[in-house]
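What follows is one structure encoded as structure tokens, with my remarks underneath.
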Amino acid sequence: MSVLVELTIFPTDKGESVSPYVARVVKIIRECGLPCQLGPMGTCIEGEWEEVMSVVTKCYKALETDCERIYMLMKADCRKGAVDRLHGKVKSVESKL
Numbered sequence: 001m002s003v004l005v006e007l008t009i010f011p012t013d014k015g016e017s018v019s020p021y022v023a024r025v026v027k028i029i030r031e032c033g034l035p036c037q038l039g040p041m042g043t044c045i046e047g048e049w050e051e052v053m054s055v056v057t058k059c060y061k062a063l064e065t066d067c068e069r070i071y072m073l074m075k076a077d078c079r080k081g082a083v084d085r086l087h088g089k090v091k092s093v094e095s096k097l
């Protein structure tokens, strides 16, 4: 089953700017080999459930090492038989505009 996840994760104990921590997480996501897309409020990852959840866990573990408090928001859409939803969902809406 295809899983499309939007992940937002960052520490809340590191001051006003947390971009170095977000960059650390985005690097993990990009290196995982799954299709992904960085957005202004989160990063989308597409794959099978176990693959995507493994990446989410790696992101959490990477921040857990030096962060006392971590905020994480995850939205997931699971659909059997679907492929390239990362781009297809956007194209579907844009074609109707």
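Residue numbers are given in full-length UniProt numbering: position 28 of the sequence shown equals residue 28, and the series is strictly consecutive.
Backbone N, C-alpha and C fix where the C-beta goes; we use that ideal spot for every residue, glycine too.
query                                                                                                            : result
Option nearest Cys59 by Cα separation, candidates Arg30, Gln37, Ala82, Arg85                                     : Arg30
Exposed unless 16 or more other CB atoms sit within 10 angstroms - verdict on Val3                               : buried
Glu16 in three-state terms, based on DSSP                                                                        : coil
CB of Glu72 within 8 Å of CB of Ile28, strictly                                                                  : Position check: residue 72 holds Met in this sequence, whereas Glu was assumed. Contact: no.
Residues that DSSP places opposite Met53 in a beta bridge                                                        : In DSSP, Met53 forms no bridge with anything.
Inter-residue spacing [alpha-carbon to alpha-carbon] between Val25 and Gly33                                     : 14 Å
Spatial neighbours of Tyr21 in its chain, beta-carbon cut-off 8 Å, leaving aside the 5 residues before and after : Phe10, Pro11, Lys14, Leu63, Cys67
Val18 to Glu48 span [Cα, whole Å]                                                                                : 29 Å
8 Å Cβ cutoff met for Cys44 and Glu6                                                                             : yes
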